[in-house]
Amino acid sequence: MTTHDVVTVLIVDDHPIVRNGIRGMLDSHSQIEVVAEAGGGPEAVALVQRHDPQVVLMDLRMPAGDGVDAIRALRAQDPARPAILVLTTYETDRDITAAIDAGADGYLLKALGREELIQAVLDVAAGRTVLAPVAAERLVARRREEQLSDREVEVLRAIADGGTNHTVAQQLFVSEATVKTHLLHVYSKLGVSDRAAAVRVAFERGLL
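Numbering (UniProt numbering), first residue to last: 1 to 208.
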């Protein structure tokens, strides 16, 4: 991108007042042009096909269609274009990892200033990754965590569905002692002491 190129942007957010505020900040910059707005995921996917923006600013949890599902749909159409920058109020491990795993190029929180937002849009348009500090920290922590094995995830998912040691053992064709061992490994890896906490933490981290 040269200094004379204009970056085209699609804003996706379910609140019109938020979209208007973002548009106002971006339209004040000579190198950025907002070409369309969407109130949900499916509408965003359709508008990308119509307008071919270089950057999509994507909220996550929207009644008219989830942002993560929209990111997956856009990446299924084209792995590289548009650049997708998540702009949201949510900062849980689950939201961050789901968005990045789906193919987002950046993750920012809405409590940022005009100049930060403009620079982030220009950066992702130029092929750079942009992460809020909390997102960067949690992605690094995620890589450092000891991952659950496939079997441990199976056991924990069955527990989350309401299973007991006995029913999980029957479901997975193992002994109850084996289920208990798997759960102990899960507790150790997640830093918890009981099954309820294990399920909660696993959901928060996007493991289930």
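C-beta: ideal position from N, C-alpha, C; glycine also.
The three-state reading of DSSP puts L184 in helix, counting H, G and I together.
Collapsing the DSSP output to three states places T164 in coil. Excluding five sequence positions before and after Y187, the CB atoms of its chain that fall closer than 7 Å to its own CB belong to S193 and A198, given in chain order. Under the three-state reduction of DSSP output, V34 falls in the strand class. Pairwise C-beta distances place the stretch 58 to 71 in contact with the stretch 99 to 114, as three or more of them are shorter than 8 Å. Between the stretch 87 to 102 and the stretch 33 to 43, the count of C-beta pairs closer than 8 Å stays below three; the two stretches do not touch. Per DSSP, Y90 has no beta-bridge partner at all. Between T88 and L60, the gap from beta carbon to beta carbon is short of 8 Å. Here the alpha carbon of A99 sits roughly 24 Å from the alpha carbon of M25. The alpha-carbon of V48 is positioned some 11 Å away from that of D78.
Between M62 and R151, the alpha-carbon positions lie close to 33 Å from each other. If the five residues before and after E176 are omitted, its C-beta is found closer than 7 Å to the C-beta atoms of N165, H166 and A169, all from its own chain and listed in chain order. Its Cα nearest to that of I11, the residue P53 stands out among S30, D5, P53 and Q31.
In the DSSP annotation of this structure, the continuous segment of the alpha helix (DSSP H) that includes M25 starts and ends at P16 to D27.
Leaving aside the five residues that flank K110 on each side, the residues in its chain whose CB is nearer than 8 Å to its CB run, in chain order, V18, L87, T88 and T89.
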